[in-house]
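Asker:
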Amino acid sequence: MPHGTLEVLLVSAKGLDNNDFLADMDPYVILTVRTQDKKSTIVSGQGSEPEWNGTFSFNVSDDVDELRLKIMDKDSFSSDDFVGETTVPLEAVFIEGNLPPTPYNVVNQEKEYHGEIKVGLTFTPEVDIVTHQSEAHCSFAPLFGRQPWFWRLRRWLGELWWKERIIT
């Protein structure tokens, strides 16, 4: 499985089911990658067409295969309301490295369609940089690095070859 950093651009949502009867809802998103949770800003008064334009980073390691987006409605005097959720598979971004903002269907608890949310994804793989302290660790070291006779022989044969070419 890939190791690296997953960057999520949370753009917007549209067509969300408004749970507030007297006012526009104040949505926010809980983004989850395995055990890591991030919370977006609350966009007050934007109702069923919120725009976040926020970026979130996650460290990705073994067995990560999806991003879960849970949309909530912030309530002041009661517990926050569940609006809907979606799951984004990450296999494509691991292969491509970058997926432009794309709409994903949002479903409620009964798995019924309740709008869409638009997110973009970027994956930056972790690169292991190996530095060698000496030639002894280099793959060519057994042939060249610790055997100066090889270079002397090569130089001598090269000189001999050139002398042969000049004489004949």
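Residues 1 to 168, numbered by full-length UniProt numbering, are exactly what the sequence shown covers, in order.
Glycine included, C-beta positions come from ideal geometry on N, C-alpha and C.
Remember, it's a predicted structure, so these values are computed and weren't measured experimentally.
What does DSSP give as the partner residues of Asn59 in its beta bridges?
Answerer: In DSSP, Asn59 forms a bridge with Thr5.
Asker: Rounded to whole angstroms, how far is the Cβ of Val43 from the Cβ of Val119, which I believe are closer than 8 Å?
Answerer: Actually they do not touch by this definition, with Cβ atoms about 15 Å apart.
Asker: Would Gly84 and Ile71 be called neighbours here (beta carbons separated by less than 7 Å)?
Answerer: Closer than 7 Å, so yes.
Asker: Output the boundary residues of the alpha helix (DSSP H) element that contains Phe94.
Answerer: Glu91 to Glu96 is the extent of the alpha helix (DSSP H) around Phe94.
Asker: Do you know how far the Cα of Ser48 is from the Cα of Tyr113?
Answerer: Approximately 14 Å, taken between the alpha carbons.
Asker: On the DSSP letters alone, give me the boundaries of the beta strand (DSSP E) that Lys70 sits inside.
Answerer: Counting along the chain, the beta strand (DSSP E) containing Lys70 begins and ends at Glu66 to Asp73.
Asker: Let's see if you can read the secondary structure: which residues bound the beta strand (DSSP E) around Gly123?
Answerer: Reading the sequence as shown, one finds Phe at residue 123 and not Gly. Tyr113 to Pro125 is the extent of the beta strand (DSSP E) around Phe123.
Asker: Am I right that Leu69 and Ile117 are in contact with their C-beta atoms under 8 Å? What's the rounded C-beta distance?
Answerer: The Cβ separation is near 6 Å, so the contact holds.
Asker: Under the three-state reduction of DSSP, which class applies to Ser12: helix, strand or coil?
Answerer: Ser12: strand per DSSP, three-state reduction.
Asker: Between Val107, Gly15, Ser76 and Gly97, which lies nearest to Val87 when the distance is taken from Cα to Cα?
Answerer: For clarity, residue 87 is Thr in the given sequence; the question names Val instead. Residue Val107 is the option with its Cα nearest to Thr87.
Asker: Which same chain residues, not among the five before or five after Thr41, have their C-beta less than 7 Å away from its C-beta?
Answerer: So the list reads Tyr28, Trp52 and Gly54, once near-sequence residues are dropped.
Asker: If I measure Cβ to Cβ from residue 172 and keep anything under 7 Å in the same chain, skipping five residues before and after, which residues do I get?
Answerer: What the structure shows of the chain is the stretch from 1 to 168, and residue 172 is not part of that stretch, so it cannot be assessed.
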